[in-house]
Amino acid sequence: MNLKHLKALRVVVSVTVLACSAALFLDFNNVLPPSFQRAFLSLQFIPSLLQVTEGVSVLVFGFAAVILLTLLFGRVYCSTLCPLGTVQDIVIRFAEKFRGRRRFRFSRPTYLAHYTLTAIAFAALLVGSLTLLDLLEPFSNFGRVMNDGVKPVVVALQNAAVWVISRFNPYAVAPLAFPAIAWTSFAVSAALFLTIVYLSWQHGRLFCNLLCPAGALLSVLARVSLFKMAMNKPNCSGCALCEKVCKAQCIQTDDQKIEFSACVSCFNCMQVCPSVGIEYRTRFHSATRDAMPNEKHRRARHTRMKHSAPPIHSDSRRKFFRNVVGSIAGVVGVSAVVGSTLQAKTQPLDPVTPPGSLGRDHFTSKCTACHLCVSVCPTQVLSPGFFEYGLAGLLQPRMNYDINYCNYDCTLCSDVCPTGAILPVDQPTKKLIQIGKTTFVKDDCIVITKKKDCAACSEHCPTKAVKMIPYENRFLPEVHNEYCVGCGACEHACPVTPRKAIFVAANEIHLAAKPQPAKHQEQRREVLQEFPF
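In our numbering, each number is its position in the sequence shown, counted from 1, plus 4.
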């Protein structure tokens, strides 16, 4: 059966998935409905795997679909549904254009190293550390690149276009708020992405078969796939074209064998094969039905490989693996020292986790730092972290009240989280989630230090947990934490620098705030209905 069309189908689907994935991070006007976002995110394997432990949801069904697809046809996910996989394919394509037509050669997969690294990552997960998964999980790497790198560029380009258009019509298009850039997170994300780009440029899909945890788990499942790609020995002419275009370097034409567990199902081999020498067959197919490769086949293969383009030279995969793991360990170690120093200087308090995350332990044990929540946050109060949670929470987001505060009515971050680190919450529930409590330092307030009137904290508080009481012919804030939800509006509004006179201290486990008294709720509705001037 001729399956040459499979590559074209794969390209169409993978480009569509890449475009949809990018749209999640660049949806500035929140056009995409939450139901679509959840259904689409369910196709991302590791995030959905983490979500499974939270119970049955649409994400669980997407996870089951990926499992079923793998058990039927192998690692289709890697070249079709993984946006980072598509990015690697684009890099490989550019490498061919800039470096001339090149060829791959079979390289025996280092299953032991790949599986061991993944086992260590999940063993760390069991004790509450997602450090390795944060660094290696493909969707999270893609997400950080989109949020920390691509999004600021897109916003800058759009605002430049808005500036030009405004010369002719000032009200045609509104500019976008430029996202705050966390430079430490950006540096780590950029280093990881450039490493993946280098691997793709030089070695094809080496990242997928050596470092990627999703690739390792799917590789195990592919061993028992019902249908496997295999070489049809009677049809094979020994041209070795399939081996030359195999990005996973898993085709061994000498023995007419495909290492199917390492195959990422790009279907390049099927497209270039002139004799239908590669096909899908059931795992129960007997190898004895095919003739063994003869001497003519071997000579033909040797001649074609000898006179074709120079091969891609690579060091031993084991040596390369040791170098990569050592580099990662070194980066993490140095970053830990730098991060702890920065934390001691700039972040004396424990970081506050977003509403719906239940608390610090739940959040850090589920979040893979994809930064999708950061991307959709309208006030940008959710900021990419570094080592604020310690080594176990590398790059995980936190509430940064220096930038802004959490909108009282907003639930966007809980709508898009793919791992269950932030659980879905509705508006009435979110309005009573207490993520932190307010602390007021009287001696730092400008009412005391400068003898000036100020009620910024009380005016911004959506729950009226901060009230003004008479004090020496002026008014001084008074905190009622039973109504506080920890949104940070008071802290952000406080004009005192560098240390705020009022700030939010994180709740280790999120609590429930008391609802506002009926009188305050009615007053809030009246204020919202009034003309603001």
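All residues carry an ideal CB built from backbone N, CA and C; glycine is no exception. All figures in this text were calculated on a predicted structure; none of them were measured in a lab.
Sequence-distant residues of the same chain with beta carbon closer than 6 Å to residue i, five excluded per side
{"i": "K441", "result": "N485, C488, A509"}
{"i": "G89", "result": "C82, S83"}
{"i": "R148", "result": "S193, H375"}
{"i": "Y405", "result": "G492, E495, H496"}
{"i": "L2", "result": "Since the first and last residues shown for the chain are 5 and 537, residue 2 lies out of range."}
{"i": "F77", "result": "F231"}
{"i": "K370", "result": "L54, T423, G424, A425"}
Beta bridge counterpart(s) of residue i as assigned by DSSP
{"i": "K286", "result": "Reading the sequence as shown, one finds Thr at residue 286 and not Lys. Its beta-bridge partners are F231."}
{"i": "P474", "result": "F479"}
{"i": "G89", "result": "Paired residue(s): none; G89 is not in a bridge."}
{"i": "S1", "result": "The requested residue 1 does not occur in the structure, where the chain is confined to residues 5 to 537."}
{"i": "G424", "result": "Per DSSP, none; premise fails for G424."}
{"i": "L386", "result": "M403"}
{"i": "A509", "result": "K441"}
{"i": "A544", "result": "The displayed coordinates of the chain run from 5 to 537. Any statement about residue 544 would go beyond what the structure contains."}
Which of helix, strand or coil DSSP assigns to residue i
{"i": "R402", "result": "strand"}
{"i": "F479", "result": "strand"}
{"i": "S253", "result": "For the sequence presented, residue 253 should be read as Gln rather than Ser. Looking at Q253 - three-state DSSP - the assignment turns out to be coil, as it is neither helix nor strand."}
{"i": "K11", "result": "helix"}
{"i": "E495", "result": "helix"}
{"i": "L161", "result": "helix"}
{"i": "L73", "result": "helix"}
{"i": "V342", "result": "Confidence in V342 is poor, its pLDDT being 47 and thus under 50, which makes the residue's placement unreliable; the coordinate value appears in the next sentence. Looking at V342 - three-state DSSP - the assignment turns out to be helix."}
{"i": "I262", "result": "strand"}
{"i": "L436", "result": "coil"}
{"i": "A104", "result": "What sits at residue 104 in the sequence shown is Gly, not Ala. G104: coil per DSSP, three-state reduction."}
{"i": "A26", "result": "helix"}
{"i": "I185", "result": "coil"}
{"i": "R503", "result": "coil"}
{"i": "S18", "result": "helix"}
{"i": "S52", "result": "helix"}
{"i": "R97", "result": "helix"}
{"i": "K468", "result": "coil"}
{"i": "Y393", "result": "coil"}
{"i": "I169", "result": "helix"}
{"i": "S320", "result": "Its pLDDT being 49, under 50, S320 is placed unreliably by the model, and the measurement read from it follows with that caveat. Note: S320 maps to coil in three-state DSSP."}
Between the CA atoms of residue j and residue i - distance to the nearest angstrom
{"i": "T383", "j": "K446", "result": "28 Å"}
{"i": "G490", "j": "Q438", "result": "6 Å"}
{"i": "V341", "j": "Q92", "result": "A caution first: V341 carries a pLDDT of 48, below 50, which makes its placement in the model unreliable, though a value can still be read off. The straight-line gap from Cα to Cα measures roughly 32 Å."}
{"i": "V21", "j": "P87", "result": "7 Å"}
{"i": "A195", "j": "K237", "result": "44 Å"}
{"i": "C498", "j": "E476", "result": "20 Å"}
{"i": "K468", "j": "S462", "result": "7 Å"}
{"i": "I1", "j": "Y409", "result": "Because the chain in this structure spans residues 5 to 537, residue 1 falls outside the shown range and cannot be described."}
{"i": "K455", "j": "P474", "result": "13 Å"}
{"i": "V16", "j": "V385", "result": "37 Å"}
{"i": "L45", "j": "L362", "result": "21 Å"}
{"i": "E283", "j": "K155", "result": "42 Å"}
{"i": "T257", "j": "E141", "result": "32 Å"}
{"i": "T122", "j": "G219", "result": "9 Å"}
{"i": "V158", "j": "K8", "result": "37 Å"}
{"i": "L53", "j": "R112", "result": "28 Å"}
{"i": "F32", "j": "L161", "result": "14 Å"}
{"i": "A127", "j": "T120", "result": "10 Å"}
{"i": "V131", "j": "C458", "result": "47 Å"}
{"i": "K101", "j": "F367", "result": "44 Å"}
{"i": "T357", "j": "A191", "result": "23 Å"}
{"i": "Q69", "j": "Y175", "result": "In the sequence as presented, Gln is not what sits at residue 69; that position holds Ala. Using only the alpha carbons, I get a separation of about 46 Å."}
{"i": "M274", "j": "A244", "result": "12 Å"}
{"i": "F507", "j": "I50", "result": "36 Å"}
{"i": "V280", "j": "K248", "result": "16 Å"}
{"i": "V276", "j": "R42", "result": "37 Å"}
Beta-carbon proximity list for residue i, same chain, < 7 Å, skipping 5 on both sides
{"i": "I262", "result": "M233, A234, M235, C254, I255"}
{"i": "L13", "result": "none"}
{"i": "N411", "result": "P382, T383"}
{"i": "N151", "result": "F29, H375, V378, S379"}
{"i": "C267", "result": "G78, R79, M233, A252, C254"}
{"i": "L203", "result": "L210, F211"}
{"i": "Q260", "result": "M235, K237, C240, P297"}
{"i": "C465", "result": "A493, C494"}
Neighbourhood of residue i by C-beta, 8 Å cutoff - its chain only, sequence neighbours within 5 removed
{"i": "T57", "result": "G424"}
{"i": "F40", "result": "none"}
{"i": "S387", "result": "A184, A186, V378, P401, R402, M403, N404, I407"}
{"i": "L427", "result": "E58, G360, S361, L362, S418, C421"}
{"i": "I124", "result": "L136"}
Residue i Cβ short of 7 Å to the ligand ZN heavy atom set
{"i": "V500", "result": "In terms of ligand content, the structure shown is empty, and the ligand ZN therefore cannot be addressed."}
Below-8 Å beta-carbon distance, residue i vs any chain C residue
{"i": "C250", "result": "The displayed structure is made up of one protein chain only, and chain C is not part of it."}
* Can you give, in chain order, each stretch of the alpha helix (DSSP H) that sits fully within the region 352 to 383 and has at least 4 residues? -> Unbroken alpha helix (DSSP H) runs of no fewer than 4 residues, entirely contained in the region 352 to 383, are found at 364 to 368, 376 to 380, following chain order.
* To do: Return the chain-ordered ranges of every alpha helix (DSSP H) run that is complete within the region 196 to 228 and spans a minimum of 4 residues.
  => With a minimum length of 4 residues, the continuous alpha helix (DSSP H) runs that stay inside the region 196 to 228 are 210 to 214, 217 to 226.
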